[in-house]
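Asks: First the structure, which I've put down as structure tokens, then a few questions once you've had a look.
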Amino acid sequence: MQYQNATQIGTLATEQNKVLRNTYMMLALTMIPTVIGALLGMSMNFSFMAASPVMSALLMFGAMIGMMFAVSALRNSVWGIAALLGFTFVAGVFLGPILQVALHLSNGAQLIGMAAGGTGIIFFSLATLATVTKKDFSFMGKFLFIGLILLIVASLANLFFQIPALSLTISSIAVLLFSAFILYDVSRIVNGGETNYIMATLGLFLSIYNLFISLLQLLMAFAGERD
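Laid out in structure tokens, this is it:
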């Protein structure tokens with residue numbers, strides 16, 4: 121009986137490590153279409169968004185939600201990988217407007233690099249913490265979900281009010297929230313709460329993506345140098 125239990129535990133640990141390894145490999149792969157999409161987005165003309173910023177933001181949000189549902193529906197097939205890579209490409213294109221704004225600053229390229237570097241440091245630090253300690257952070261799930269809903273509502277409301285102070289507050293909260301999501305998501309993988317590496321990759325990608333945007337918005341607000 122003890123041997124059987126030990127074998128089952130060993131098999132479970134091996135499976136969890138496999139999911140984590142596949143997730144990290146897929147996450148690294150998603151950076152390729154994201155960068156390609158971002159380069160394309162920086163060369164596109166988004167002037168139509170200035171005419172109707174609220175509708176444009178809602179359409180972009182709706183498109184990403186729709187593609188996320190497609191990834192979820194196809195998560196158990198090879199098409200799930202294709203859908204995930206397609207989603208990250210579109211997400212990269214949608215980075216175009218904020219990257220264009222950043223690059224109009226005299227130190228914009230530096231700020232983008234700082235936001236990317238900060239995102240990487242936060243991700244690797246929290247992922248390492250969750251992996252090494254193996255502590256179960258699943259108790260954070262309900263709080264994070266509520267926080268995410270409130271953040272989305274506040275972001276949608278600010279599309280109409282356009283209050284700079286509220287934008288900075290939202291970005292600051294987003295940095296904390298999506299950092300916590302990284303800890304939560306990696307912990308779920310390590311402890312067997314997530315066994316599908318496509319969905320695990322999607323969750324981590326979204327956290328990294330939103331963390332980068334939030335850091336860049338804060339850096340542009342506090343350290344942006346205008347000509």
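121 is the number of the first residue of the sequence shown in the working numbering; add one for each residue after it. Note that beta-carbon positions come from the ideal geometry of N, C-alpha and C, so glycine has one too.
Quick check on the burial criterion: 16 or more other C-beta atoms within 10 angstroms. Buried or exposed for residue 208?
Replies: Position 88 of the sequence shown, counted from the first residue, corresponds to residue 208. Buried.
Asks: Please identify the residue among 346, 328, 332 and 320 whose C-alpha is closest to the C-alpha of residue 195.
Replies: Within the sequence shown, the letter at position 75 stands for residue 195. Selected option, being the one with the closest Cα: 320.
Asks: Which same chain residues end up closer than 6 angstroms to residue 140 when comparing Cβ atoms and leaving out the 5 residues on each side of it in sequence?
Replies: On the sequence shown, residue 140 is found 20 positions in, with the first residue counted as 1. Contacts found: 309.
Asks: Residues in its own chain within less than 7 angstroms of residue 256 by CB, not counting five upstream and five downstream?
Replies: Along the sequence shown, read from residue 1 onward, the residue named residue 256 stands at position 136. Only 307 and 311 meet the Cβ criterion.
Asks: Measure the CB-CB distance between residue 301 and residue 334 and report whether it falls below 8 angstroms.
Replies: As a first step, residue 301 must be located in the sequence shown, where it is residue number 181. As a first step, residue 334 must be located in the sequence shown, where it is residue number 214. In this structure, residue 334 does not lie closer than 8 angstroms to residue 301 by Cβ.
Asks: What are the boundary residues of the alpha helix (DSSP H) that residue 186 is part of?
Replies: The residue given as residue 186 occupies position 66 in the sequence shown. Taken as a continuous stretch (DSSP letters only), the alpha helix (DSSP H) holding residue 186 covers 173–193.
Asks: Just to confirm my understanding: we take residue 164, look at its own chain, exclude 5 residues before and 5 after, and list those with CB closer than 6 angstroms. What are they?
Replies: Within the sequence shown, the letter at position 44 stands for residue 164. Within the same chain, residue 164 has close Cβ partners 216.
Asks: Quick one: using the 10 Å Cβ neighbour count with 16 as the cut-off for buried, is residue 187 buried or exposed?
Replies: Position 67 of the sequence shown, counted from the first residue, corresponds to residue 187. Its Cβ being crowded by 16 or more others within 10 Å, residue 187 is buried.
Asks: Please report the straight-line C-alpha distance between residue 245 and residue 161, rounded to a whole angstrom.
Replies: Taking the sequence shown and counting its residues from 1, the one referred to as residue 245 is at position 125. Taking the sequence shown and counting its residues from 1, the one referred to as residue 161 is at position 41. For residue 245 and residue 161, the distance between alpha carbons rounds to 30 angstroms.
Asks: Please return the same chain residues whose Cβ sits closer than 6 angstroms to the Cβ of residue 212, not counting the five positions on each side in sequence.
Replies: By one-based count along the sequence shown, residue 212 stands at place 92. Taken in chain order, the residues that qualify are 154, 157 and 158.
Asks: Looking at the structure shown, is residue 265 part of a helix, part of a strand, or coil, going by DSSP?
Replies: On the sequence shown, residue 265 is found 145 positions in, with the first residue counted as 1. Residue 265 falls in the helix class under three-state DSSP.
Asks: Mind listing, in chain order, the continuous beta strand (DSSP E) runs of no fewer than 3 residues lying wholly within the region 215–281?
Replies: none
Asks: For the region 290–304 and the region 330–346, state whether three or more C-beta atom pairs, one from each stretch, are separated by less than 8 angstroms.
Replies: yes
Asks: Compute the Euclidean distance between the alpha carbons of residue 198 and residue 152, then round it to the nearest angstrom.
Replies: Here residue 198 refers to the residue found at position 78 when the sequence shown is read from its first residue. Here residue 152 refers to the residue found at position 32 when the sequence shown is read from its first residue. Taking the straight line from one Cα to the other gives about 18 angstroms.
Asks: What residues in its chain sit with their C-beta under 6 angstroms from that of residue 227, if we drop five residues either side in the sequence?
Replies: Within the sequence shown, residue 227 is the residue found at index 107, counting from 1. Excluding sequence neighbours, residue 227 sits near 345.
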